[in-house]
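Asks: Can you read through this structure? Questions will come right after.
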Amino acid sequence: MTLTWTDWQAIAVPLVLAIGAVAVLLIDAFWRSSPAQLRHTVVTLLTGAVILFGLVFVWAQRDDFKPAFCRPAVEGPAECSLVFEPLTAGLWGVLLLGGLGVVGLSAYRLLAADIPVGEYHFLLLSALVGATTLAGARDLATVVIALEVVSLPSFALVALRRDRRGSEAAMKAFLVSVLSTAVMLFGISYLYGVTGSLYLTTIANRLTGLDPSMQRVAFAAGLFVIVGFAFKIAAVPFHGWLPDTYAGAPVEVTAFLAVVSKSAGVAGLLVLVITGLAPDGSDLRLVVAILAAVTMTVGNLAALRQREAVRLLAWSSIGQVGFLLAPLAVGDAQAVVGYLAAYVVVTLGAFGAVAVVQRHRPSGLLADYRGMVRSEPGLAVALIFFLVVLAGLPPGLAGLFTKFAAFQAVIDAHLGWLAIVMALNVMIGLAVYLRWIAELFRLPADDPFAVDIETPAVAMISLFAAAAVVVSILPSTLFALAT
Amino acid sequence: MIATVWRVAGVGFSLLLVLIAALLYGDSASQHAFLNSQIGEVTIGFAVRTDDLTVLLLAVVGVVATCVQIYSLGYLHERAASYHALVTLFTAAMAAVVVADSLFLLLIGWEVMGACSYLLISHYWERREARSGAVKAFLMTRLADVGFLFGIFVLGVGAGTFRISALDPAQIDPGVLTTGTLLLLVGVVGKSAQVPLQTWLPDAMPGPSPVSALIHAATMVAAGVFLIARLYDVFAASATTMTVLAIVACVTMLYAALCAAAAVEVKRVLAWSTVSQLAIMFAALSLGTHEGRHAALFHLVTHAAFKGLLFLCAGVLLHQVGSAAFVVLRRYTRRGRLRKALPVTFVTMTIGLAALAGVPGFAGFFSKDSVLEAAWEHAHGGSVVGWFVLVSVGLTAGLTAFYCMRLWLWVFFRTPALAGAVGAFEADDPMADLEDPDTSKLKDASWLMLAPLVLLALGAIALGYVDGLHLNWVVALASTVVVIFGVLPAYSLWSRGADPRPVLLEREFGVDRAYHALFVVPVRWLSKLSVLGDRDVVGAYVRAVGRSGALASQGFRLLQTGNVQTYLTAAVVGVVALAVLAGVIAS
Amino acid sequence: MPLVLPLLLAVVLFCLGVYGVLARRNAVTILMSLELMLNAVNLNLIAFDAWRLDGLATGQTLAVFVITLAAAEIGLGLAIVLLLFRGHGHVDADAARDLAEADEREESPT
Amino acid sequence: MITVANDDFAAGVLLAILALPVLAALALWALPVQLGERLAALYGAVVSGLVLVGSLLLWTPANGWIAYVSGGETLAPGEQVKPLHGVTDVPWIPSLGVRFHVGVDSISVPLIVLTALLTFLCCVYSLKITPRIGRMRSLVALLLVIEAGVIGAFSAMDLVLFFVCFEIVLIPMWLIIDIWGDDHDAPGRKRAATTFVLMTVFGSALMLLGFLLVFRQAGTFDLVQLTNSPVLDGHGVPLAAALLIAVGLAVKVPLWPLHIWLPDAHAKAPTVGSVILAGVLLKLGTYGLIRILVPVLPDATVTIAPYLGGFSTVAIIAGSLACLGQTDVKRLIAYSSVGHMGFIGLGIATLSPAGMKGALFANIAHGIITGLLFFLAGAIKDRHDTSDLATIGRALYARLPRIAALLTFACLASLGLPGLAGFWGEMLVLLGAYDPADSLPRATYLVFMVLAGLGTVLTAAYFLRLVRKLCQGDPAEHPAGAFAVDLSRIELITWTPLITLTVLLGVWPGLLLHQWGSL
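Protein chains in written order, with UniProt numbering: chain C, 1 to 483; chain U, 1 to 587; chain Y, 1 to 110; chain W, 1 to 519.
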């Protein structure tokens, strides 16, 4: 098997990211003599450049269809391990944007001082390699490997500060993740046993022709695979690790977990669901729908009474995943990618704002935000906008329309009950975010938050806010990501 | 300043009405519609008409209103601006009713009168009975007006028009006609304070006396009579409605006359007498004949004069003496001062009472006579209703004479038998044993107040003759005898110093109390129920949702123990549950 | 050998692994249990591969991948356990509870 | 049928009055300097005044709307199809089938004018009278945002656009209640605001589900298309859609028993908030019923109309009864809205020309009269620092004669006195209930009519109770406070338009009724 030009093109982005990762690590390791400041800048710029290359590449090739590592199949179309197609382009775009955002949040003087810069960026890029591969993967072996390549650097990132909280957070995430990998692999082994293939398209073809008893085995196996992903994206009841890990990790890493890691999981699940593991009308889609309903309800409810900003965001991200799972359960890739994109932008923004506040007020309580609309109007308005988008209410039209698309997908698939649950959760979700917004508006505050915000932070948050505003005014851009 | 403007405007407007009536007199009937909009198949908007009835009523309203406005100049000094404005609005509303050719314009006038009466009755809003009387008046008439509105719907939709001149009973389905007229009758009963919606009128007495004069003589309560006269063809086409009207009228006239015979306050006596006299008009209308209508309108006009007069006289008593309660007036009377200090009032009031009682020669005699005559003719034609009306009106005439005489004697004359004691009325007065008031300063009212009295007193005599003298001598004689039979017992009781008042009559048959228990109390309970229901049932659900959300939130927080193995266990249980759930749903 | 025997063994191994993960406190033991689960997967894969004989040796290939994965995971896992030990002074997974939800005090119900 | 008239001027005006308040609000927030409180109010007054002028420019005669004639019926010979004007129709989110499609006709224009008028008056009122905590800049900006949202909803010709505009107002209103609300009861106003916003959001989410079901059936969100070729069939999916839309809008209306957010929200809101909430926001619900439910889902509407009528009737009775038991003047007025909105709901439920026009008329009348009532209640509350009837005391006639007289006037108008604006709407609604559409059970509607008629008596009862408890009474027992100033000039200026309109519409209902053509 030789690599064709098409193959190279398809894997160009992960490959460049990987090379960049190694380069970053090498620079950090062998350029100790330089001042930390300069090293940080160089590393950040290099990482950013690599990711930007990926983005440009994706933009340039967005309409192409490039299968890679293919072999002719016994029956049906050729079996490929990695495919670059418009959907992949959309997912990669979201993932890379997320990565870029995290890099921006970790720009000079923003990253916590006790985090080693080189390792941080290396791990970040490595995870991105895995994430992009996962979104393009079309066989189960690639899926598993890619998933591990996303996950393992994440745990390392969580523990990067090497403190008590970080180690506990990493341990929890790690145990859950490894267990989930084992469960998923167990399911994959059965899927392989039943269908005799690891290629998703072939599995999909063969699943339909199975006799009923085998189909039951296939269902169980598929369930295991989905559960594996459910761990990764912290769908309820596989969510227990998430709030603790988010709370224990540095804010930048939390943002990374919430944005890149979670998006990667969603992307993988999306690929699995729409390329054949769970064809239209299968029970597995029902499982995903149930997961969606439970996840959004529990996530939003639990967020209702959180007092810490990061924890609130953690729980609300569980709720958001529930909303993501809803269109996913009916295989509406466009709605999923659109939702994911909006979610990524505003989550980055929200974490950015939290990072700024948390730097000066380490307690991270919601009460720290009291009266900020007067003392720090710019930051407060941006944060309010991000929260409103998360809640899905005007003026956060990006959130509104992505929720709308999710509703539409669900309604079109005749899942009325899920739509009602979603309607309820729009209400609960709003209650969650309103508590925070109310704090921001509350006057007079005893000790309002007012500091000189670092320029890079101002730039990044303005950037996120601008992006959120643009996608709010032109929501069609969100849905153009996956056509 | 503003008060002066309104005073002038009020008097001017009333005079304008008289002028318009004079100008329109003799013109041929005409209609004019304006501001209409089409709603589906029906037209909603306004229309006015002029005809004899309009002119007649306009004249009556104008004259009475003028008298009342002028009288009020002397009578009332505080809150004069709002008072005169409201009286003017009141008059205008009545004028609107009178000229209306659109049922909606009529309804506007009809209800604006209700609102104005509410505001005027509560003119002395610091007094408790004024407040409650006003509310009662408005609510009872409003209740009736709902029926009235529905009646308008039924007739209007049934006939396809809301124009009075276009309502043709022949075009309307008989069932619809009966329903519609009965519903209109509800409104009429409420407005004219007939049984069973009679209780508001006597309670409306705490209002200023001129207002009572206006309400009772020419406007509000007369509007009911006017309405039936206006829609006489439509009403007459439904025999059921006319029978109901007759029954209501006959019951009311006797009931009200009995109540009046036991009342111990001049204005209350007069109020009940209004109810009773209106019932006489309704009885005449219920005959369904042209004579009946004529008699009713005749009585309306004379009644306007003498009832207006009587209320204005009562106003003078109130103004000069400070009260119109028998017990207070008796304090002045037993010194024989009242009659001498207030000569003009005494004379005019005597004329008014004579007219009310139907003493031959006074206006009331002739108009009542024409009612009796119409009933007699109708009864001769073999109508049960006619007999019924005839007997009732006869009895009422006797009772009327009785209570007029009683009022006149007790208020103005010393009782020889009591030799100066307050007598029959002190039982219910806590201040009965007080010293006699200083009667030396008592004098008659200013000429501003007396002039209308004189004018109306002239009317109370002269109006009897405007219709031409065509007496049925038998009926006239019989009614005179009835009057004498009414007068004599009153005289005899007075001369013995006794005023027996049966409890039943004094409590006005307990209707008020029954209504209170039947309607007011349940509504209060329902209102409490509604408030509690919102708070403890509907609101409880909402609060429960909020609480359960908070509780669930707390529960999920408790699950977050920090122990990773708990999380893993939950996850494994979750896998099993998912598998089972999906299996259940799939099968 | 019938296919069912290795499959049964794999299931037993997997369940043992799950039990170990859920019930043991020592983080190293938990890691070992996870290893057990992954090996159950490997057993499955090999057994199916032998049963299928599809010529590509897909199952065996994946099994090799899984072994590699397991090695990487254990490497990282032990590093994290070490860190845990450094921070807490023990390696009990269920005793690291710094990050549990704090008690709430001043919240007023909505 | 809706036809569309090309009218670039009107389209420009409409876009201008949509954009102006939003841009003005953003500019106000973005201003680097701290604006004085009065300057902010002045700014708001100027902007909303311009919007008012613009909305009046949209008021062209000779248009009407007969869209709700259900699918099967044809136009009578005399009737003509009246155009929608001021139309802008551009694609917005093609992948979701959403367009930015706005336009106005004679149903929306009066409501838009009402919105602009009330916002303008609120800004003018704020020139002199501001909530205690100040922060006028934000308050004015939020008011302007609400204005834009409401006007957007009234002119939206796309279901999704309607939904978006419907939601725009929520967060500003929530903030207004939460920040500027009753300053004696912070937890109470927070709870009220949150209940309001959450219930409305849930309702609107349900409404959105209904819209999506409509989209699934008809393939478009465009109201013009949907009106011209409605979704027929009164069972199955259309029925579900109609139910969802009706329930969603009923929360906003609010219909009993979904009204529970209303009394608290109104009572705790600041004066301008109450005025906008009662005068404008409630109308979104009834407007939605008339604009969307009835024409788009005619058959399904027929199926649910009796239930809608039933709940409306219950609202009339229960709302009035609840008013009788209130001890707080603002809560009482708030509850009175429940009853009045019940009348509007009943009118819509009759599906007859009279009922529909009555509902439209009552919409406007309620906005004007209740706006006035809340202004008055606010004035009384400001002067006594409480809205509790017992604490305020009686005999306002003696203490604040002009305000008390106006209160009496407003009460009379609100209880539906003929000759004032409140009457015609309720009268037409009752007429509609007497003669409902042929497809509806007439006997049921007669019962509704009688009950609603009794409701008017109860309405009168509680307003008279209010007047009696507040205005009348012995002045000796309730002496005037030193600070009690009667009607100020700004109050007079603000209220005069409302009073004038109340009388004008009362004596000349044709002014509005003509607008709706021969429905």
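Glycine included, each C-beta is placed from N, C-alpha and C at the ideal position.
All of these numbers come straight from a predicted model, not from anything done at the bench.
For U:Trp44, count the other beta carbons within 10 Å of its own beta carbon; 16 or more makes it buried, fewer makes it exposed. Which is it?
Replies: Against the second sequence, residue 44 of chain U aligns to sequence position 44. One detail in the question is off: residue 44 of chain U reads as Ile in this sequence, not Trp. Classification of U:Ile44: buried, given that the 10 Å Cβ count is 16 or more.
Asks: Using the beta-carbon of each residue, which ones in chain U are nearer than 7 Å to Y:Leu8?
Replies: As a working note, residue 8 of chain Y is residue 8 in the third sequence. Ordered by position in chain U, no residue passes the 7 Å Cβ test against Y:Leu8, which lies about 19 Å from the chain.
Asks: Counting only Cβ pairs nearer than 8 Å, list the residues of chain U close to W:Val457.
Replies: As a first step, residue 457 of chain W must be located in the fourth sequence, where it is residue number 457. Leu139, Arg142, Leu143, Val146, listed in chain order.
Asks: For the pair the region 295-309 of chain C and the region 376-392 of chain C, tell me if three or more CB-CB distances fall below 8 Å.
Replies: no
Asks: Going along chain U, which residues have a C-beta under 7 Å from C:Val410?
Replies: Position 410 of the first sequence holds residue 410 of chain C. Near C:Val410 there are no residues of chain U at all, since even the closest Cβ is about 16 Å away, more than 7 Å.
Asks: Whole-angstrom Cβ separation of C:Gly54 and C:Leu147, contact assumed at under 8 Å?
Replies: Residue mapping note: residue 54 of chain C aligns to position 54 of the first sequence, counting from 1. Residue mapping note: residue 147 of chain C aligns to position 147 of the first sequence, counting from 1. With 8 Å as the limit, C:Gly54 and C:Leu147 do not qualify as a contact, their Cβ atoms being about 19 Å apart.
Asks: Classify U:Val5: buried if its beta carbon has 16 or more other beta carbons within 10 angstroms, exposed otherwise.
Replies: If you number the second sequence from 1, residue 5 of chain U lands on position 5. Exposed, by the Cβ-count rule.
Asks: Could you give the distance in angstroms between the alpha-carbon of Y:Pro2 and the alpha-carbon of C:Val94?
Replies: Within the third sequence, numbered from 1, the residue matching residue 2 of chain Y stands at position 2. Within the first sequence, numbered from 1, the residue matching residue 94 of chain C stands at position 94. Cα atoms of Y:Pro2 and C:Val94: separation of roughly 48 Å, rounded to the nearest angstrom.
Asks: Which of the three DSSP states is assigned to U:Trp387 in this structure?
Replies: Along the second sequence, one-based indexing puts residue 387 of chain U at 387. Here U:Trp387 sits in helix by DSSP.
Asks: So, is C:Ile19 buried or exposed, given that buried needs 16 or more other C-beta atoms within 10 angstroms?
Replies: Against the first sequence, residue 19 of chain C aligns to sequence position 19. Label assigned to C:Ile19: exposed.
Asks: Counting C-beta neighbours from all protein chains within 10 Å, is the total for W:Ala67 16 or more, i.e. buried, or is it exposed?
Replies: Here the question's residue 67 of chain W lines up with position 67 in the fourth sequence. Interpretation of W:Ala67 is limited by its pLDDT of 41, a score under 50 that renders its predicted location unreliable; no figure is taken from the coordinates.
Asks: Looking only at its chain, what residues have a beta carbon closer than 6 Å to the beta carbon of C:Gly104, apart from the 5 residues adjacent to it on each side?
Replies: What you label residue 104 of chain C is simply residue 104 of the first sequence in a count that begins at 1. Closer than 6 Å at Cβ, skipping near neighbours: Met460.
Asks: Could you compute how far the alpha carbon of U:Leu107 sits from the alpha carbon of W:Tyr434?
Replies: In the second sequence, residue 107 of chain U corresponds to position 107, counting from 1. In the fourth sequence, residue 434 of chain W corresponds to position 434, counting from 1. Roughly 18 Å separates the two Cα atoms.
Asks: Going by other Cβ atoms of all chains shown within 10 Å of its Cβ, with 16 needed for buried, is U:Glu129 buried or exposed?
Replies: As a first step, residue 129 of chain U is located in the second sequence; it is residue number 129 there, counting from the start. U:Glu129 should be labelled exposed.
Asks: Interface residues of chain Y around U:Leu568 at Cβ under 7 Å?
Replies: Numbered from its first residue, the second sequence carries residue 568 of chain U at position 568. Result: Val21, Leu22.
Asks: Label Y:Tyr19 either buried or exposed according to how many other C-beta atoms from any shown protein chain fall within 10 Å of its C-beta, with 16 as the threshold for buried.
Replies: Counting from one through the third sequence, the residue named residue 19 of chain Y turns up at place 19. It is exposed - the Cβ of Y:Tyr19 has fewer than 16 other Cβ atoms within 10 Å.
Asks: Can you list, in chain order, the residues of the region 171-185 of chain C whose Cβ is nearer than 7 Å to any Cβ on chain Y?
Replies: Along the region 171-185 of chain C, going in chain order, the ones with a CB nearer than 7 Å to a CB of chain Y are Met171, Phe174, Leu175, Val178, Leu179, Ala182, Leu185.
Asks: Between Y:Leu38 and chain C, is the shortest Cβ-Cβ distance under 9 Å, so that the two count as touching?
Replies: Here residue 38 of chain Y corresponds to residue number 38 of the third sequence, with the count starting at 1. Chain C contact via Cβ: present.
Asks: Which residues does DSSP list as the beta-bridge partners of U:Ser37?
Replies: Within the second sequence, residue 37 of chain U is the residue found at index 37, counting from 1. Paired residues: U:Ile44.
Asks: Is U:Leu58 closer than 9 Å to U:Ala95 when the C-beta atoms are compared?
Replies: Reading the second sequence from its first residue, position 95 is the one you call residue 95 of chain U. Reading the second sequence from its first residue, position 58 is the one you call residue 58 of chain U. Yes, they are a contact pair.
Asks: Can you give, in chain order, each stretch of the alpha helix (DSSP H) that sits fully within the region 12-60 of chain Y and has at least 4 residues?
Replies: Listed in chain order, the complete alpha helix (DSSP H) runs (minimum 4 residues) inside the region 12-60 of chain Y are 27-52.
Asks: Taking only beta-carbon atoms, is Y:Ala79 less than 9 Å away from chain U?
Replies: Working through the third sequence from its first residue, we reach residue 79 of chain Y at position 79. So no, Y:Ala79 is outside the interface.
Asks: Considering Cα atoms alone, identify which of U:Pro210, U:Leu469, U:Val221 is closest to U:Gln69.
Replies: As a first step, residue 69 of chain U is located in the second sequence; it is residue number 69 there, counting from the start. Comparing Cα positions, the closest option is U:Pro210.
Asks: Let me check one thing: in DSSP terms, what residues is U:Gln31 bridge-paired to?
Replies: Numbered from its first residue, the second sequence carries residue 31 of chain U at position 31. Partner(s): U:Arg49.
Asks: Can you find at least 3 beta carbon pairs, one from the region 209-227 of chain U and one from the region 175-195 of chain U, that sit closer than 8 Å?
Replies: At 8 Å Cβ cutoff, the stretches touch.
Asks: Name, in chain order, the residues that DSSP records as bridge partners for C:Leu82.
Replies: Taking the first residue of the first sequence as position 1, residue 82 of chain C is located at position 82. For C:Leu82, which the question treats as bridged, DSSP gives the partners C:Ala68, C:Ala137.
Asks: According to DSSP, what are the bridge partners of W:His85?
Replies: As a first step, residue 85 of chain W must be located in the fourth sequence, where it is residue number 85. W:Val104, per the DSSP bridge assignment.
Asks: Pop quiz: C:Ala235 and C:Ala131 are said to be a contact at Cβ under 8 Å. What is the actual Cβ separation, rounded to whole angstroms?
Replies: Within the first sequence, the letter at position 235 stands for residue 235 of chain C. Within the first sequence, the letter at position 131 stands for residue 131 of chain C. Wrong, their Cβ atoms sit about 18 Å apart, outside the cutoff.
Asks: Rounded to whole angstroms, what is the Cα-Cα separation between W:Thr456 and W:Leu415?
Replies: Working through the fourth sequence from its first residue, we reach residue 456 of chain W at position 456. Working through the fourth sequence from its first residue, we reach residue 415 of chain W at position 415. Straight across, the Cα-Cα distance linking W:Thr456 with W:Leu415 is about 7 Å.
Asks: Roughly how many angstroms separate the alpha carbons of U:Pro500 and U:Trp110, rounded to a whole number?
Replies: As a first step, residue 500 of chain U must be located in the second sequence, where it is residue number 500. As a first step, residue 110 of chain U must be located in the second sequence, where it is residue number 110. Going by the C-alpha atoms only, they are around 39 Å apart.
Asks: Rounding to the nearest angstrom, what Cα-Cα distance links W:Pro270 and W:Asp105 in this structure?
Replies: Mapped onto the fourth sequence, residue 270 of chain W falls at position 270. Mapped onto the fourth sequence, residue 105 of chain W falls at position 105. So the two alpha carbons sit approximately 32 Å from each other.
Asks: Mind listing the chain Y neighbours of U:Gly562? Cutoff is C-beta to C-beta under 8 Å, in chain order.
Replies: The residue given as residue 562 of chain U occupies position 562 in the second sequence. Here the neighbours are Ala96, Arg97, Asp98, Leu99, Ala100, Glu101.
Asks: Helix, strand or coil for W:Ala76 per DSSP?
Replies: By 1-based counting over the fourth sequence, the position of residue 76 of chain W is 76. Residue placement at W:Ala76 is poorly supported in this model, since its pLDDT is 41, which falls under 50; the coordinates still yield a value, given next. Here W:Ala76 sits in coil by DSSP.
Asks: If you run the structure through DSSP and keep just helix, strand and coil, what is W:Glu147?
Replies: Numbered from its first residue, the fourth sequence carries residue 147 of chain W at position 147. Three-state DSSP puts W:Glu147 in a helix.
Asks: Can you give the Cα-Cα distance for W:Lys128 and W:Ile490, rounded to whole angstroms?
Replies: The residue given as residue 128 of chain W occupies position 128 in the fourth sequence. The residue given as residue 490 of chain W occupies position 490 in the fourth sequence. Cα to Cα, the separation comes out at about 7 Å.
Asks: Going by DSSP, what residue range makes up the alpha helix (DSSP H) through U:Lys171?
Replies: Within the second sequence, numbered from 1, the residue matching residue 171 of chain U stands at position 171. In the sequence on display, residue 171 of chain U carries Gln and not Lys. No alpha helix (DSSP H) holds U:Gln171; DSSP gives it neither H nor E.
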